[in-house]
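Numbering (the working numbering), first residue to last: 84 to 314.
Data block below; observations after.
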Amino acid sequence: MTVARSAALLLDLDDTLFVERDYVRSGYSSVSSWLGEQLGVPPRVLMASLTEIFDSPTRGRAFDTLLAEYGRKDLVDESVRRYRHHKPDIELTPEAEELLATLPSGLPRGIVTDGPTVMQAGKVEALGLHQRVPVIVLTDRLGGRDAWKPSPVGLLDAARRLGVVADQCVYVGDNPHKDFHAARAAGMASIRYRAGFQVHRDCEAESSYQPDTEITSLLDLPAWVDLPPTG
Ligand SMILES: [Mg+2]
84 MTVARSAALL
94 LDLDDTLFVE
104 RDYVRSGYSS
114 VSSWLGEQLG
124 VPPRVLMASL
134 TEIFDSPTRG
144 RAFDTLLAEY
154 GRKDLVDESV
164 RRYRHHKPDI
174 ELTPEAEELL
184 ATLPSGLPRG
194 IVTDGPTVMQ
204 AGKVEALGLH
214 QRVPVIVLTD
224 RLGGRDAWKP
234 SPVGLLDAAR
244 RLGVVADQCV
254 YVGDNPHKDF
264 HAARAAGMAS
274 IRYRAGFQVH
284 RDCEAESSYQ
294 PDTEITSLLD
304 LPAWVDLPPT
314 G
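In structure tokens, the structure reads:
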């Protein structure tokens with residue numbers, strides 16, 4: 084697509100503004116403390132098992148896999164609930180800090196993020212983003228999983244709330260399975276931010292999911308994103 088000068092910047096949250104593995108570690112630590120009491124197992128042993136599972140292909144069902152080993156799958160639902168509700172120990176990456184600090188005050192900016200509402204709200208709260216970004220869309224609130232990317236509804240809602248038309252927005256994200264497809268469906272430009280800490284850093288986009296461009300630093304946004312010179 085032809086990229087016009089973008090008048091609004093929309094950002095993904097997980098693995099774009101903070102390190103998702105930090106959240107996972109924080110959640111596993113919280114749940115391991117509780118599970119340790121239930122199972123009579125040292126929390127550090129559970130933490131090590133969960134981390135190992137996260138680094139394997141079954142990462143999405145870490146509590147199922149762990150608790151099956153102990154014959155206690157009855158504890159899965161409560162583990163997931165505690166994971167999602169825990170108060171996360173996370174922080175913005177230095178690049179995200181600098182980006183948010185240097186964006187021109189007049190540039191409309193927003194965040195569009197997927198995931199269970201309570202979990203994403205906890206991340207936004209822990210990162211202090213309500214004080215930094217005027218529009219934060221938790222797509223889950225707009226219709227549950229059906230509203231998660233690659234659905235465009237969250238991106239379109241952010242544009243509407245910012246008072247800008249969709250084709251003046253650019254979306255920056257890390258996940259080639261959904262972020263760029265969502266932007267294209269919303270009529271927006273997209274940028275893939277690829278960095279060494281990301282879970283999806285080695286995943287490649289299918290042809291129809293391609294971003295318009297790729298950057299390796301949040302501070303390398305292209306000239307067509309209406310940013311001030313830095314330095
Ligand atoms: Mg992400």
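Ideal Cβ placement from N, Cα and C applies to all residues, glycine included.
Fair warning: this is a prediction, and the values are worked out from it, not measured in the lab.
How would you call residue i, buried or exposed, if buried means at least 16 neighbouring beta carbons within 10 angstroms?
{"i": "Leu92", "result": "buried"}
{"i": "Ser291", "result": "exposed"}
{"i": "Gly314", "result": "Because Gly314 sits at a pLDDT of 43, beneath the cut-off of 50, its placement in the model cannot be relied upon, and the following sentence gives the value as read from the coordinates. Flag for Gly314 reads exposed."}
Given a cut-off of 8 Å on the beta-carbon distance, is the pair residue i and residue j in contact?
{"i": "Leu175", "j": "Phe101", "result": "yes"}
{"i": "Tyr276", "j": "Ala266", "result": "no"}
{"i": "Pro259", "j": "Ala278", "result": "no"}
{"i": "Val195", "j": "Val220", "result": "yes"}
{"i": "Leu96", "j": "Gln203", "result": "yes"}
{"i": "His283", "j": "Pro233", "result": "no"}
{"i": "Phe137", "j": "Ala131", "result": "no"}
{"i": "Ile173", "j": "Leu210", "result": "yes"}
{"i": "Ala272", "j": "Ser109", "result": "no"}
{"i": "Val218", "j": "Gly193", "result": "yes"}
{"i": "Ser162", "j": "Leu118", "result": "yes"}
So if DSSP puts residue i in a beta bridge, which residue, or which two residues, is it bridged to?
{"i": "Ala277", "result": "The identity of residue 277 in the sequence shown is Arg, whereas the question assumes Ala. Paired residues: none, contrary to the question."}
{"i": "Asp97", "result": "Phe101"}
{"i": "Tyr254", "result": "Leu93, Ser273"}
{"i": "Val308", "result": "Ser89"}
{"i": "Leu301", "result": "Per DSSP, none; premise fails for Leu301."}
{"i": "Leu175", "result": "Phe101"}
Verify the contact flag: residue i, CB atom, against every heavy atom of ligand 1, threshold strictly below 7 Å.
{"i": "Asp223", "result": "no"}
{"i": "Gly193", "result": "no"}
{"i": "Ala98", "result": "Note that residue 98 is Asp in the sequence shown, not Ala. Because some heavy atom of ligand 1 lies under 7 Å away, the Cβ of Asp98 counts as near it: yes."}
{"i": "Gly256", "result": "yes"}
{"i": "Asp95", "result": "yes"}
Residue range of the alpha helix (DSSP H) that residue i falls in?
{"i": "Arg192", "result": "Premise fails: Arg192 lies in the beta strand (DSSP E), 192-196, not in any alpha helix (DSSP H)."}
{"i": "Ile136", "result": "126-137"}
{"i": "Thr200", "result": "200-209"}
{"i": "Val236", "result": "236-245"}
{"i": "Ser188", "result": "Here Ser188 belongs to no alpha helix (DSSP H), and DSSP marks it neither H nor E."}
{"i": "Thr148", "result": "145-152"}
{"i": "Ser162", "result": "159-168"}
Following the continuous beta strand (DSSP E) through residue i, name the residue where it begins and the one where it ends.
{"i": "Leu221", "result": "218-221"}
{"i": "Thr296", "result": "296-298"}
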